[in-house]
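Below: one structure, written as structure tokens.
Numbering (the working numbering), first residue to last: 15 to 364.
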């Protein structure tokens with residue numbers, strides 16, 4: 015269904031060089047056989063995903079024309095025809111702690127008789143700590159080519175009220191051995207150890223290499239169930255660690271009445287990083303972006319603001335000399351001379 019909607023908007027863009035709104039795309043697609051087979055909520059969610067992808071494309075295109083980004087901008091691509099796509103139910107009803115997922119009348123007509131003996135309504139039990147929450151959306155996300163599925167519950171929470179100082183700021187620098195180096199305007203500083211994540215990744219890489227070697231000897235192709243289970247275990251361990259790290263950072267802000275968090279970042283750094291083969295592998299395997307998202311999530315719940323600071327030149331610029339920090343643009347690189355370079359040249363001449 016996603017590909018059906020994407021085909022319409024791509025063809026419209028090629029013909030008209032402009033954006034096809036969601037409403038117009040919906041009227042084109044609502045009679046398609048794929049749309050009819052899906053429940054209306056799920057089918058519309060697929061088309062809304064297409065709409066979001068195209069909106070993102072046009073925003074990036076505008077930024078590219080302004081020169082504010084240096085990456086190549088391309089149209090959203092089609093998904094694998096034999097692949098899987100998340101099911102999104104924007105409205106669900108919880109009865110006795112259970113959600114019963116609806117299916118379309120057309121699906122019932124075509125498949126209920128065929129699978130009469132095995133047909134059962136799909137039911138999902140709500141976790142005990144969410145039973146009394148107002149669930150506004152349910153997502154079923156396929157993992158590893160649908161070897162298993164993760165169920166995501168979206169629900170509303172009230173923003174916590176804390177007595178925060180509007181002038182207090184926490185700065186975070188993300189890295190490898192030190193996952194996060196944090197310092198605040200109150201004079202406190204602390205480090206979050208990143209060696210645990212390195213250890214998890216080293217174990218994962220070693221085990222994955224062993225399984226790959228066994229596959230090669232036996233002539234097995236593709237991603238095996240054991241590799242999928244290993245990757246799943248690694249992802250859970252990493253996710254648990256960075257989630258706890260993000261929670262620790264936000265708890266520090268609450269305890270010290272800090273209202274703002276500034277996180278340094280470099281766009282596309284993991285694509286362009288050149289720290290040597292071993293260090294590149296360590297750096298790329300650490301999900302800094304996901305940790306930033308967790309920090310934003312926890313901070314928003316506790317009434318804090320999070321800012322991302324582009325820091326392409328921070329290691330060269332001098333704070334003491336009030337050096338200006340330009341933003342790096344790969345398409346229009348500007349050679350910049352900083353105060354420390356001037357002092358070095360001056361000392362060399364002397």
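All residues carry an ideal CB built from backbone N, CA and C; glycine is no exception.
As the structure is a prediction and not an experimental result, all values here were calculated from the model.
- Partner residues in the beta bridge of residue 204, as assigned by DSSP, are 196.
- In the assembly as shown, residue 312 is a buried residue. Its beta-carbon has 16 or more other beta-carbons within 10 Å.
- When 204, 17 and 264 are compared, the shortest CA-CA separation from residue 99 is found for 17.
- Between residue 219 and residue 208, the C-beta gap is not smaller than 8 Å, which leaves the two residues out of contact.
- Taking 4 residues as the shortest admissible run, the segment 201-247 contains the following complete alpha helix (DSSP H) segments, listed from N- to C-terminal end: 209-232.
- Between residue 68 and residue 104, the C-beta spacing is not below 8 Å.
- Shown here, residue 115 sits in a strand according to DSSP, grouped into three states.
- Take residue 251, set aside five residues on each side of it, and the residues of its chain with a beta-carbon closer than 8 Å to its own are 214, in chain order.
- Rounded to the nearest angstrom, the gap between the Cα atoms of residue 246 and residue 186 is 28 Å.
- Every beta strand (DSSP E) stretch that sits fully inside the segment 128-186 and reaches 3 residues is listed by chain position as 136-139, 149-157 and 162-169.
- Judged by beta-carbon spacing, residue 309 lies within the 8 Å limit of residue 260, meaning their Cβ atoms are closer than that value.
- Residue state for residue 323 is assigned as strand, using DSSP reduced to three classes.
- Annotation for residue 70: the continuous alpha helix (DSSP H) segment containing it runs 54-80.
- Here DSSP, grouped into helix, strand and coil, assigns residue 120 to helix.
- Spatial neighbours of residue 49 in its own chain (CB-CB distance under 8 Å, excluding positions within 5 residues in sequence) are listed in chain order as 15, 18, 43 and 57.
- Residue 121 and residue 61 do not touch by the CB rule: their CB atoms are close to 18 Å apart, not below 8 Å.
- For residue 278, the enclosing beta strand (DSSP E) has its first and last residue at 272-279.
- Non-local C-beta neighbours of residue 323 in its own chain, meaning closer than 6 Å and more than five positions away in sequence, comprise 276 and 278, ordered along the chain.
- Each of 201, 72, 101 and 125 was checked against the Cα of residue 115, and the nearest Cα belongs to 101.
- Listed in chain order, the non-local C-beta contacts of residue 149 below 8 Å within the same chain comprise 106, 108, 113, 140, 167, 168 and 169, local neighbours out to five positions each way being set aside.
- In terms of Cβ geometry, residue 244 and residue 262 do not form a close pair [threshold 8 Å].
- In chain order, 188 place their CB closer than 6 Å to the CB of residue 302, counting only its own chain and leaving out the 5 sequence neighbours on each side.
- For residue 101, the uninterrupted beta strand (DSSP E) segment begins and ends at 101-103.
- Between residue 183 and residue 268, the gap from beta carbon to beta carbon reaches 8 Å or more.
- When the five nearest sequence neighbours on each side are left out, the beta carbons in the same chain lying within less than 7 Å of the beta carbon of residue 23 are those of 34, 39, 64 and 68, in order along the chain.
- Boundaries of the alpha helix (DSSP H) harbouring residue 16: 16-30, taken from the DSSP string.
- Between residue 274 and residue 321, the beta carbon gap of about 7 Å places them in contact (Cβ cut-off 8 Å).
- Judged by beta-carbon spacing, residue 211 lies within the 8 Å limit of residue 255, meaning their Cβ atoms are closer than that value.
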